[in-house]
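Student: Take a look at this one; I'll ask things after.
2 protein chains.
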Amino acid sequence: MTGVDLVIFTVRDDVLHVLLTQRPDGPNEPCPGLWALPGGFIDVEKDASLEACARRKLAEKTGVASPYLEQLGSWGGNARDPRGWSATHVYFALIPSEGIEPRAGGRAADARWHPVRDHGVREKLAFDHVAILSAALERLRNKVEYTSLPAFLLPEEFTLSELQHVYEIVLDRPLNKSAFRTRVRDADLIVEVPRQRSGANRPAQLYRLKDRRHPVFFPRTFSPRGE
Amino acid sequence: MTGVDLVIFTVRDDVLHVLLTQRPDGPNEPCPGLWALPGGFIDVEKDASLEACARRKLAEKTGVASPYLEQLGSWGGNARDPRGWSATHVYFALIPSEGIEPRAGGRAADARWHPVRDHGVREKLAFDHVAILSAALERLRNKVEYTSLPAFLLPEEFTLSELQHVYEIVLDRPLNKSAFRTRVRDADLIVEVPRQRSGANRPAQLYRLKDRRHPVFFPRTFSPRGE
DNA sequence: TAAATAGTGTCTCTAAGACATTATTTG
DNA sequence: CAAATAATGTCTTAGAGACACTATTTA
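Residue numbers (numbering that gives the first Met the number 0), protein chains in the order written: chain A, 0 to 226; chain B, 0 to 226.
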């Protein structure tokens, strides 16, 4: 049986979160009551491709129409599901948290954002989802070093300080301000919008992405970890 | 029906090659006579996992026991195979060409190395294998910029000049000699072997990889120059 | 000796990092 | 005014690129 699973990340209250659904209880249900990555099976009528299936499930769970989505990989074997040999195609999504509340749908008894600590989530996960989540985190943290991925965690308009802040959250380390700004400018990934964010201080210029679907690759990583 | 396909690269006569098999002719065979990536279906008895299946097929086709192997991604949809909705898990392998001759096995009428030009191969390919090969090439060429992947295309012992040469073949551009050498040295990925390669010139020191399974990631790409 | 390739040294340039400084708002 | 954050400038440093130079072998 071939399925599609999703690792959906967002940032809420300055912490990275992942969306999980609770497995239903029941006599023939595998991993009853455990938290799992949202997913399901391909509908050969509705889904023209694997990615179409992933987009459909993502819309069902979050209501987000066009988030950043990329394939993470696939996991398959005889040990991951008590019912026998199985394989799943896993996709990886980044969405802004503003105005998004997870929806319970179908057999997913409950869907909730879970804060991501060091290498995963506090709760015990179903199937091999610990390994999948861990791979997703590794992918995210690697790509943050040399791409514009964190921008997809922000709402449509954002300031440069806000952008730097999500980078710092995902990387879990501070970045240099002027280096960050020249890098972002040089990469030509954002455009000014004629508006500013004001507060009890100097107002900040607002920007939006030139392309909300494709990330930009920087020529270097942030900090050559030569150590 | 879920399958596993392989994109197996090697370098022969200073040119990148990919291994292809010819589809069998027959009344109910899809894409008869066209060249295709080697692959097949999972054997739930023999294959404990997707990767195990890929390694088994690779050994069958090439006889290579422990090559560099990584997952490339999966392709699935209703348009890729005339028989209907299908999905395949694709793996990506790099092997040295020395002493390796492709083996025809099972229904693969013929297996041959095909030179890779710009974006693929001269022959028409079966199914969606043009897209898969193109993705594999993109992955390879990207990773060559910041990893030690090309080293897996060389035999166990090699000189620094030979290593630089495979990089140049895959990248299709010359590299700076001294920069290349300091980078490789600093990355701590090779060790000297007490032997030299001699010819009609100064003999060259031979090296081997410290780890023939995992690539090393360099802190920067080769040429950040914004084209 | 010349030819050939191995291997190193020097200089420049780009972009990151550290950190100080200036700018512009509100209370 | 002070407080707060935005935005920029200056100096240093790491590593890539260009390219010249030295080293060591065979014929």
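Don't be surprised by glycine CBs; every beta carbon is placed ideally from N, CA and C.
#1: Could you tell me which chain A residues have their CB closer than 9 angstroms to the CB of N77 (chain B), listed as they occur along the chain?
#2: Alpha carbon to alpha carbon, how far is N141 (chain A) from G119 (chain A)?
#3: Quick one: Cα of E155 (chain A) to Cα of T181 (chain B), how far?
#4: So, is A110 (chain B) buried or exposed, given that buried needs 16 or more other C-beta atoms within 10 angstroms?
#5: So within the segment 104-186 of chain B, which uninterrupted alpha helix (DSSP H) runs reach at least 4 residues, ignoring any that extend past its ends?
#6: Kindly list the residues whose CB is nearer than 6 angstroms to the CB of V3 (chain A), restricted to its own chain and excluding five residues on each side of it in sequence; keep chain order.
#7: Beta strand (DSSP E) containing L15 (chain B): first to last residue?
#8: To the nearest whole angstrom, what separates the beta carbons of L152 (chain B) and L93 (chain B), a pair I think is in contact under 8 angstroms?
#9: Using 8 angstroms as the cut-off, can you tell me whether the segment 23-40 of chain A makes contact with the segment 141-150 of chain A, which would need three or more C-beta pairs spanning the two stretches below that distance?
#10: Using a beta-carbon distance below 8 angstroms, is S73 (chain A) in contact with chain B?
#11: Where T9 (chain A) and H113 (chain A) are concerned, what is the direct C-alpha to C-alpha distance, given to the nearest angstrom?
#12: Look at the alpha carbon of V17 (chain A) and the alpha carbon of R79 (chain B), and state the distance between them as a whole number of angstroms.
#13: Using the Cβ count rule (16 or more neighbours within 10 Å means buried), how would you classify A135 (chain A)?
#14: Is G25 (chain A) buried or exposed, if buried means 16 or more other CB atoms sit within 10 Å of its CB?
#15: Assign A35 (chain B) to one of three DSSP states: helix, strand, or coil.
#16: Ends of the beta strand (DSSP E) at T220 (chain A)?
#17: With a threshold of 8 angstroms between beta carbons, is W84 (chain A) in contact with chain B?
#18: Beta carbon of A125 (chain A), beta carbon of R22 (chain A): below 8 angstroms?
#19: Quick one: what's got a C-beta closer than 8 angstroms to E97 (chain A)'s C-beta in the same chain, skipping five residues either side?
#20: Give me, in chain order, the residues of the same chain whose beta-carbon lies closer than 8 angstroms to that of I41 (chain B); leave out the 5 immediate sequence neighbours on both sides.
#21: On the premise that L205 (chain A) lies in contact with R211 (chain A), defined as a C-beta separation below 8 angstroms, what is that separation, rounded to the nearest angstrom?
#22: Please list the partners that R219 (chain B) has in chain A, where partner means a Cβ-to-Cβ separation under 9 angstroms.
#23: Under 8 angstroms between the Cβ atoms of V169 (chain B) and L15 (chain B)?
#24: Measure the beta-carbon distance from I7 (chain B) to T61 (chain B) and round it to whole angstroms, keeping in mind my assumption that it falls under 8 angstroms.
#25: Would you grab the beta carbon distance between T229 (chain B) and P95 (chain A) for me? Rounded to a whole angstrom, and I think it's under 8 angstroms.
#26: Whole angstroms is fine: what's the gap from K56 (chain A)'s alpha carbon to S177 (chain A)'s?
#27: Using 10 angstroms around the beta-carbon of A107 (chain A), count the other beta-carbons present and answer buried if the total reaches 16, otherwise exposed.
#28: To the nearest angstrom, how far is it from the Cα of G235 (chain B) to the Cα of A47 (chain A)?
Tutor: Per the coordinate set shown:
#1: Position 78 of the second sequence, counted from the first residue, corresponds to residue 77 (chain B). Correct list: V43, D46, A47, S48.
#2: Translated into the one-based positions of the first sequence, residue 141 (chain A) becomes position 142. Translated into the one-based positions of the first sequence, residue 119 (chain A) becomes position 120. Spanning the two alpha carbons is a distance of roughly 15 angstroms.
#3: Here residue 155 (chain A) corresponds to residue number 156 of the first sequence, with the count starting at 1. Here residue 181 (chain B) corresponds to residue number 182 of the second sequence, with the count starting at 1. Looking at the two C-alpha atoms, the distance is approximately 43 angstroms.
#4: Within the second sequence, numbered from 1, the residue matching residue 110 (chain B) stands at position 111. So A110 (chain B) counts as buried.
#5: Whole alpha helix (DSSP H) segments, 4+ residues: 128-143, 159-170, 176-186.
#6: The residue given as residue 3 (chain A) occupies position 4 in the first sequence. Answer for V3 (chain A): G38, C52, A53, H88, listed in chain order.
#7: Within the second sequence, numbered from 1, the residue matching residue 15 (chain B) stands at position 16. Unbroken beta strand (DSSP E) run through L15 (chain B): 14-21.
#8: Stepping through the second sequence from its first residue, residue 152 (chain B) is reached at position 153. Stepping through the second sequence from its first residue, residue 93 (chain B) is reached at position 94. Taking the Cβ atoms as the reference, L152 (chain B) lies roughly 5 angstroms from L93 (chain B), within the contact range of under 8 angstroms.
#9: Note that the segment 23-40 of chain A does not touch the segment 141-150 of chain A; fewer than 3 beta-carbon pairs, one per stretch, sit closer than 8 angstroms.
#10: Within the first sequence, residue 73 (chain A) is the residue found at index 74, counting from 1. With 8 angstroms as the cut-off, S73 (chain A) counts as an interface residue toward chain B.
#11: As a first step, residue 9 (chain A) is located in the first sequence; it is residue number 10 there, counting from the start. As a first step, residue 113 (chain A) is located in the first sequence; it is residue number 114 there, counting from the start. Looking at the two C-alpha atoms, the distance is approximately 10 angstroms.
#12: The residue you call residue 17 (chain A) lines up with position 18 of the first sequence. The residue you call residue 79 (chain B) lines up with position 80 of the second sequence. C-alpha separation (whole angstroms): 33 angstroms.
#13: Working through the first sequence from its first residue, we reach residue 135 (chain A) at position 136. Classification for A135 (chain A): buried.
#14: Counting from one through the first sequence, the residue named residue 25 (chain A) turns up at place 26. Label assigned to G25 (chain A): exposed.
#15: Position 36 of the second sequence, counting from 1, holds the residue named residue 35 (chain B). A35 (chain B) falls in the strand class under three-state DSSP.
#16: Translated into the one-based positions of the first sequence, residue 220 (chain A) becomes position 221. Element bounds for T220 (chain A): n/a, residue is neither H nor E.
#17: Position 85 of the first sequence holds residue 84 (chain A). It does: the Cβ of W84 (chain A) has a partner Cβ on chain B nearer than 8 angstroms.
#18: Here residue 125 (chain A) refers to the residue found at position 126 when the first sequence is read from its first residue. Here residue 22 (chain A) refers to the residue found at position 23 when the first sequence is read from its first residue. When the beta-carbon positions are compared, A125 (chain A) and R22 (chain A) come within less than 8 angstroms of each other.
#19: What you label residue 97 (chain A) is simply residue 98 of the first sequence in a count that begins at 1. P154.
#20: For this step, residue 41 (chain B) is matched to residue 42 along the second sequence. Counting only residues of its own chain and dropping the five nearest sequence neighbours on each side, I41 (chain B) has a CB closer than 8 angstroms to the CB of T1, G2, V3, L49, C52.
#21: For the purposes of this step, residue 211 (chain A) is identified with residue 212 of the first sequence, where counting begins at 1. For the purposes of this step, residue 205 (chain A) is identified with residue 206 of the first sequence, where counting begins at 1. With 8 angstroms as the limit, R211 (chain A) and L205 (chain A) do not qualify as a contact, their Cβ atoms being about 15 angstroms apart.
#22: The residue you call residue 219 (chain B) lines up with position 220 of the second sequence. Here the neighbours are P218, R219, T220, P223.
#23: Reading the second sequence from its first residue, position 170 is the one you call residue 169 (chain B). Reading the second sequence from its first residue, position 16 is the one you call residue 15 (chain B). It is a contact, given that the beta carbons lie within the stated cut-off.
#24: The residue labelled residue 7 (chain B) in the question sits at position 8 within the second sequence. The residue labelled residue 61 (chain B) in the question sits at position 62 within the second sequence. Right, the Cβ-Cβ distance comes to about 7 angstroms (below 8 angstroms), so this counts as a contact.
#25: Lying before the first or after the last residue shown, residue 229 (chain B) is absent from chain B, which here runs from 0 to 226.
#26: Within the first sequence, numbered from 1, the residue matching residue 56 (chain A) stands at position 57. Within the first sequence, numbered from 1, the residue matching residue 177 (chain A) stands at position 178. Rounded to the nearest angstrom, the two C-alpha atoms are 40 angstroms apart.
#27: Mapped onto the first sequence, residue 107 (chain A) falls at position 108. The predicted position of A107 (chain A) is uncertain, since its pLDDT is 47 and thus under 50; a value taken from the coordinates is nonetheless stated next. Counting Cβ neighbours within 10 Å, A107 (chain A) comes out buried, since at least 16 surround it.
#28: Since the displayed chain B opens at 0 and closes at 226, residue 235 (chain B) lies outside it and no answer follows.
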